[in-house]
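Under this note's numbering, the first residue of the sequence shown is numbered 37, with each subsequent residue one higher.
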Amino acid sequence: MLSRYLIYIVAFAAIALLIFIRAWDPLPVESLRHRQFDMFQNIEPRAKSELPIVIVDVDEESLATFGQWPWPRTLLAGLVATLNKAGAVGIGFNFLFAEADRASPDKWVQTAPQLNKEIAQALKRMPSNDGIFARQIRRGRVVMGQSTTTREIGGGRGEIARKTSIVKIGGEPIGKIFGFLGIARNLEILEKSAAGLGMVTLLPEADGVVRRPPLIIRVGDEIYPTMALEMLRVAFREKSLVLKSDASGLTGIAIAGRDIPTDASGRIWFHYAPHDRARFVSAKDVLRGDVGAERLKGKLVLIGTSAAGFLDFKATPVDDAMASVEIQAQMLEAILSKAYLTRPEFVSIIEYVSIVLFGLLLLVRIPGLKPIFRFVAGIPVLAGIVGASWYLFTDSGILLDVSFPAISGIVLYILLVSMYYVKEEAQRREVRRAFGHYIAPELVEQLANDTNKLNLGGEIRQMSILFSDVRGFTNISESLSGDPAKLTRLLNMYFTKMTDRILENNGTIDKYMGDAVMAFWNAPLDDPEHARHCCDAALEMLDGMAKLNIVLAEEAKQEGRTHIPMEIGIGLNTGDCLVGNFGSEHRLNYSVMGDAVNVASRLEGQMKTYGTTIIIGNETHQLTPEYACLELDLIQVKGRSEPERIFALLGRSELAESEEFTAHKKNHDALLAAYRAQDWDKAEKLIGECRQSDHQNLAMLYDVYAARIAEYSANPAAADWDGVYIALDK
């Protein structure tokens, strides 16, 4: 059987393993955590705000109007010129222009060798479309997009593809920054004309969701800014970025007096807003002059596309497919509004502590709860961490993981419930084995289903005790001495009959001793009506004995032998007792001991003195006032110094309320009063009246009192006589 200590060891080992898994943080654990944070953002996305960000969208209508992509660079030059004229403070291209414009005049000459020589020369003298585009780029604050590659690109230009100087404070973070082998660049003329160069790489997570896009990227040993960061630098007319680091890597990036928190790799975790068409204006409308200057003045303008054919969409926490240019715009919005999401070191501590709390709470609460309530044992901790997580997210943008602590709680719950189930099932089997023959089957199941009700270690309880044995059993056994099998069968029939009556009344069989039975009530299960159940069992045992004698008499008649009726005497008493498992290391017995037990045994032995079948103690009588009882005596039993008032139990309330019994009890009580007052003449007269009103075969009792009265009449009692009878035998 699983011991409590083994369960504790396994539980603490499981907690340690879960903490190790959390510290290791494998991809499934990280993904689960990210899904929770995505859910939070879906429930409470960043509110819309009036921020100076505009997306010029090369949308389906624009493509339908001006033709498929790529557009002539002269058209794009016109777009930049319009934005510059409107007062845009920064323009970012979410496109890459790696090849020369195929519609440029010099390209016509190359593709049409049959042209007239003069025309060809004239075309060559015309400015190239890329040159026109470059001039407009040079007139504004334009950031050209670049992209990373996973392979080196040959034919490099030699210079660093960056217009930003990098300042490092606190250490060298380069080892932590995401690295790539190469850069896909724009035409040299365009990059030289641009105010800035920014990477458009977004770096989705393993599940394809863009949660933490990078602000900087490493290619080789050089660090490059991404589009959003470079647009801010250009818009604020800064020349450098400041990277702040510690031993773990980057902690943030400073630009134009703004501190942007990042993770160790330079990624920004920001609060997404839902997709909003209000961010977009159509490139077609800008080129046609249908967008007012006030819509563009003082704005950071990103030029990108939402057209489906570009396939330039990424999943985000709030949208399954968001145009990458809108993600860039949301990064800018988050930086300007400081809508950051962070995971400070203390949240990991809270997560670890919550796992331990889950385990300890379940370990403490599960044993004391019924199975139906065990599931809710960890809910307070779970509710607490969910509430704390939600509060930190909505109030401070701090991300506290609920998912792994919750999964840990479920794992610990299943583990502990399973172990306790195995332990309790073993306890149930042990209870059924130990008590199956001593208490009623339904009580055995109650005890098996709630072993907490069982205290085997020993406890003091008020209990009712029953002793019973067969009168004159020696004569019966001698009559069957030649047939041990019949004697054994007789005893088994007798014990079965008596045991059934005891068990039917919620009693517990303590032991069989020769022809005697000992039983008790109010253990191992609580029984508030233990005295009443004990009395009922005794009365039903007499009924069972009468029926058994009928069967035995018929068997004796058929076998041609004399039937010797079996008669029993029963003693009942109630009092505080010690109950529990008693015995040696080799054998234990669930039993009861105490003064009340000894008195019950002595009362059973007094049947031969008073001639009544059931004798009960005073405390039992006090707890069962509705039963038909007659006081027998005030007796000092052998081995006890204090006298005990004892009663004959004759029947239940029906008998007690009958006119015959009421009249007889009146005479009987008057007899005892006269006897104890030493009014012998009156007592003798009342004995005669009691004999006349007796319907309970109490002749032997009145013979006892008649003999005592005669003795005291001839030999007066001592002056201090208090009516107590001192029993001379057991």
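Backbone N, C-alpha and C fix where the C-beta goes; we use that ideal spot for every residue, glycine too. Values in this document were obtained by computation on a predicted structure and should not be read as measured data.
{"Check": "Using the Cα positions of E693 and M602, report the straight-line distance between them to the nearest angstrom.", "Outcome": "30 Å"}
{"Check": "Alpha carbon to alpha carbon, what distance is there between V90 and I259?", "Outcome": "27 Å"}
{"Check": "Between the C-alpha atoms of G191 and Y427, what's the straight-line distance to the nearest angstrom?", "Outcome": "Note that G191 scores 49 on pLDDT, short of 50, meaning its location in the model is unreliable and no value can be drawn from it."}
{"Check": "Given a threshold of 16 other Cβ atoms within 10 Å of its Cβ, counted over all protein chains shown, does T532 qualify as buried or as exposed?", "Outcome": "exposed"}
{"Check": "Could you check the C-alpha separation between M267 and L336 for me, to the nearest Å?", "Outcome": "8 Å"}
{"Check": "So I651 packs on C665, CB below 8 Å; how close in whole Å?", "Outcome": "Their Cβ separation, rounded to whole angstroms, is 10 Å, which puts I651 and C665 out of contact at 8 Å."}
{"Check": "Here's the rule: buried if 16 or more other CB atoms are within 10 angstroms of the residue's CB, otherwise exposed. What is H657?", "Outcome": "buried"}
{"Check": "Would you mind stating whether M499 and H566 have Cβ atoms separated by less than 8 Å?", "Outcome": "yes"}
{"Check": "S301: which of G345, G340, R254 and E330 sits nearest, CA to CA?", "Outcome": "R254"}
{"Check": "Considering only their Cβ atoms, is the gap separating A763 from V673 smaller than 8 Å?", "Outcome": "yes"}
{"Check": "What are the residues that DSSP puts in a beta bridge with G611?", "Outcome": "M499"}
{"Check": "Got a sec? Which residues, its chain only, sit under 7 Å from L686 by beta carbon, not counting five neighbours each side?", "Outcome": "A664, C665, L666 and Q732"}
{"Check": "Within the same chain, show all residues whose beta-carbon is closer than 8 Å to that of V46, passing over the 5 residues directly before and after it, in chain order.", "Outcome": "L451 and M455"}
{"Check": "Are the CB atoms of F129 and I446 nearer to each other than 8 Å?", "Outcome": "no"}
{"Check": "From the DSSP output, in three-state form, read off T352 for me.", "Outcome": "strand"}
{"Check": "Determine the burial state of P564: buried for a count of at least 16 other Cβ atoms within 10 Å of its Cβ, exposed for fewer.", "Outcome": "exposed"}
{"Check": "Mind checking whether F216 and T262 have CB atoms under 8 Å apart?", "Outcome": "no"}
{"Check": "Among P163, R171 and R69, whose alpha-carbon lies nearest the alpha-carbon of A117?", "Outcome": "R171"}
{"Check": "One question on the structure: do M736 and G647 come within less than 8 Å of each other, judged by their Cβ atoms?", "Outcome": "yes"}
{"Check": "Classify K212 as helix, strand or coil using the three-state DSSP reduction.", "Outcome": "helix"}
{"Check": "What do you get for A458, buried or exposed, if any count of 16 or more other CB atoms within 10 angstroms of its CB means buried?", "Outcome": "The amino acid at residue 458 is misidentified as Ala; the sequence shows Val. V458 is exposed by the Cβ-count criterion."}
{"Check": "Answer yes or no: the CB of P88 versus the heavy atoms of the ligand HEM, is any distance below 7 Å?", "Outcome": "Ligands are entirely absent from the displayed structure, and the ligand HEM is therefore not among its contents."}
{"Check": "Taking V167 as part of the alpha helix (DSSP H), name the residues at either end of that continuous run.", "Outcome": "The residue asked about is misnamed: residue 167 is Gly in this sequence, not Val. Taken as a continuous stretch (DSSP letters only), the alpha helix (DSSP H) holding G167 covers N165 to R175."}
{"Check": "Would you report the Cα separation of R379 and I391, rounded to the nearest angstrom?", "Outcome": "18 Å"}
{"Check": "What is the DSSP secondary structure of K84, counted as helix, strand or coil?", "Outcome": "coil"}
{"Check": "Going by the CB atoms, is the gap between I745 and E720 shorter than 8 Å?", "Outcome": "yes"}
{"Check": "For the segment 381 to 400 and the segment 361 to 371, state whether three or more C-beta atom pairs, one from each stretch, are separated by less than 8 Å.", "Outcome": "no"}
{"Check": "A197 and I219 - do their beta-carbons sit closer together than 8 Å?", "Outcome": "yes"}
{"Check": "So, at 7 Å on beta carbons, what are the nonlocal neighbours of D166 in its own chain, with the 5 sequence-adjacent residues on each side left out?", "Outcome": "R109, A136, D137, S140, L223, I225 and L226"}
{"Check": "Unbroken alpha helix (DSSP H) runs of length 4 or more, entirely within the segment 246 to 320: which are they?", "Outcome": "263 to 271"}
{"Check": "Does DSSP put T110 in a helix, in a strand, or in coil?", "Outcome": "helix"}
{"Check": "What does the Cβ neighbour count give for L251, buried or exposed, with the cut at 16 atoms within 10 Å?", "Outcome": "buried"}
{"Check": "Compare the beta carbon distance of L526 and L448 with 8 Å and say whether it is the shorter of the two.", "Outcome": "no"}
{"Check": "Can the beta-carbon of I604 be found less than 8 Å from the beta-carbon of T649?", "Outcome": "yes"}
{"Check": "Would V633 and E495 be called neighbours here (beta carbons separated by less than 8 Å)?", "Outcome": "no"}
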